Amino acid sequence: MEKALGQQSRETPWYTVDADTLCGPTFRRMIVGNPLITVLRNGWCSSGFHSSASFWRTMAASCILLHTGQKMPLIGLGTWKSDPGQVKAAIKYALSVGYRHIDCAAIYGNETEIGEALKENVGPGKLVPREELFVTSKLWNTKHHPEDVEPALRKTLADLQLEYLDLYLMHWPYAFERGDSPFPKNADGTIRYDSTHYKETWRALEALVAKGLVRALGLSNFNSRQIDDVLSVASVRPAVLQVECHPYLAQNELIAHCQARGLEVTAYSPLGSSDRAWRDPEEPVLLKEPVVLALAEKHGRSPAQILLRWQVQRKVSCIPKSVTPSRILENIQVFDFTFSPEEMKQLDALNKNLRFIVPMLTVDGKRVPRDAGHPLYPFNDPY
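The opening residue of the sequence shown carries number 1 in the UniProt record's numbering; numbering runs sequentially from there.
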């Protein structure tokens with residue numbers, strides 16, 4: 001039995017192994033200490049396989065199935081705003097405590113350091129077999145021209161020291177001027193745009209799947225109309241939409257729109273991104289909402305865990321960012337409790353369509369939305 005499990009663990013992710021093979025020391029070596037498997041803390045493996053049904057429910061709760069057949073863990077580690085010098089240790093620790101989903105982007109400026117952590121910890125004979133890890137990255141706005149798409153991906157793969165990505169997203173629907181400057185600007189500080197349409201970019205992205213460089217494609221910061229526009233030309237359908245999402249911005253209509261079309265949704269800034277530099281001091285703080293604090297006390301959890309549990313119970317994956325070990329661990333420990341329908345409604349009621357992540361710039365001494373005048377700006381539509 002252990003031999004069979006060992007063979008399977010190199011061919012398919014551990015969470016797809018048949019439940020009947022899950023016991024013995026090989027099983028313990030694979031997942032003891034993994035916070036997703038909370039039943040292990042109760043000595044479940046020490047005396048045999050007591051409840052395969054209970055185990056399977058825990059496993060099913062920790063992933064969502066993409067239309068590609070891939071299983072994407074519901075909780076991943078976000079790396080936006082993770083500074084070089086910190087992100088390598090954060091990745092290594094996250095992998096050690098059970099994270100199997102890492103979210104990256106070229107524009108974050110830290111993929112080289114993430115790659116160092118992946119090289120040391122991922123691969124044959126290392127902590128995590130490559131096939132057990134789900135890695136996402138994103139195509140930046142200056143690389144939308146079809147000629148630039150594959151070179152941009154290959155740069156990301158080289159930086160991450162990977163042969164393929166599990167998911168590659170178009171970071172925004174509009175293109176910036178081609179070149180090496182990530183934010184090409186006019187003399188007045190406004191962005192210089194490029195006329196490349198996202199449908200042209202999408203066709204170039206599809207070629208990456210055909211070459212085996214990417215397993216799935218997706219979109220980020222697209223609205224419902226733009227999603228349908230991509231679907232109208234796609235031979236490789238997008239599998240995921242990544243957007244800002246939290247109880248203040250529940251995205252209910254957009255999530256329903258995606259799910260009806262076979263896309264899963266990933267929430268960035270699921271805790272409200274209260275650490276962002278441009279935060280208005282008058283803004284409400286999601287982590288301090290009375291209903292969030294009350295549920296945290298009731299369930300013996302942190303406010304962050306309450307917000308993350310709300311998302312995963314809706315089958316929305318989350319990529320909370322942290323470089324603090326205690327918070328990294330805490331953020332993945334959300335699969336051993338549930339909310340009642342009434343508790344979910346209490347959190348649902350916080351929705352006020354309040355968006356925090358809007359790119360801004362200063363023009364004539366005033367802070368204004370950076371891209372709001374662009375014809376492909378996504379946030380002018382209702383959802």
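By construction, the Cβ of each residue, glycine as well, lies at the ideal position given by its N, Cα and C atoms. Just so it is clear, the structure is predicted and the values come from calculations on it, not from any experiment.
Can you check DSSP and say which residues form a bridge with residue i?
i    : result
E244 : Y268
K155 : DSSP lists no partner for K155.
C318 : I75 and A267
H101 : F134
L65  : K71
V214 : L165
L249 : H246
S220 : Q242
Which residue wins for smallest C-alpha separation from residue i, given the options the options?
i    : options                   : result
Y383 : E289, K345 and L354       : L354
L133 : K155, Y108 and L95        : L95
D381 : A216, L205, H197 and N221 : N221
Y367 : E163, G189, V97 and S273  : According to the sequence displayed, residue 367 carries Arg and not Tyr. Per the Cα distances, G189.
G123 : V87, P84, P151 and E163   : E163
L74  : D103, P84, V87 and K92    : D103
A204 : V149, Y248, T156 and V312 : V149
K345 : D364, W310 and Y377       : W310
S340 : L329, R327, C63 and Q313  : Q313
T142 : E113, K126, E131 and Y198 : Y198
K88  : P281, I191 and D159       : D159
G85  : R327, T112, L66 and M72   : T112
D194 : T156, P146 and V230       : P146
R154 : A207, R192, K126 and T196 : A207
A90  : A239, L263, L329 and C63  : L329
R370 : Y377, M360 and Q226       : M360
L286 : V358, I114, T266 and C245 : C245
K126 : E282, K92 and L157        : K92
Are there 16 or more other CB atoms within 10 angstroms of the CB of residue i, so buried, or fewer, so exposed?
i           : result
T324        : exposed
R100        : buried
E297        : exposed
K185        : exposed
T338        : exposed
G78         : buried
residue 384 : The chain is shown only over 1 to 383; residue 384 falls outside these bounds and no answer can be derived.
V358        : exposed
E343        : buried
Any heavy atom of the ligand MG closer than 6 Å to the CB of residue i?
i    : result
R203 : With respect to small molecules bound, the structure shown includes none, and the ligand MG cannot be examined in it.
### Message
Using a Cβ distance threshold of 8 Å, determine whether the stretch 115 to 125 contacts the stretch 164 to 179, with at least three qualifying pairs required.
### Response
no
### Query
Which runs of the beta strand (DSSP E) fall wholly inside the stretch 112 to 194 and span at least 3 residues, in chain order?
134 to 139 and 167 to 170
### Query
Would the stretch 342 to 354 and the stretch 286 to 297 be scored as touching if the rule is three or more Cβ pairs under 8 Å?
yes
### Query
Within the chosen definition, does the stretch 100 to 109 reach the stretch 138 to 145 through at least 3 CB pairs nearer than 8 Å?
yes
### Task
Determine contact between the stretch 297 to 312 and the stretch 255 to 263, defined as no fewer than three beta-carbon pairs at a distance below 8 Å.
no
### Message
At 3 residues or longer, what runs of the beta strand (DSSP E) sit wholly inside the stretch 305 to 379?
### Response
360 to 363 and 366 to 369
### Query
Do three or more CB pairs link the stretch 207 to 227 to the stretch 177 to 184 at distances below 8 Å?
no
### Task
Taking 8 Å as the threshold, find out whether the stretch 314 to 329 comes into contact with the stretch 267 to 274 through three or more Cβ pairs.
yes
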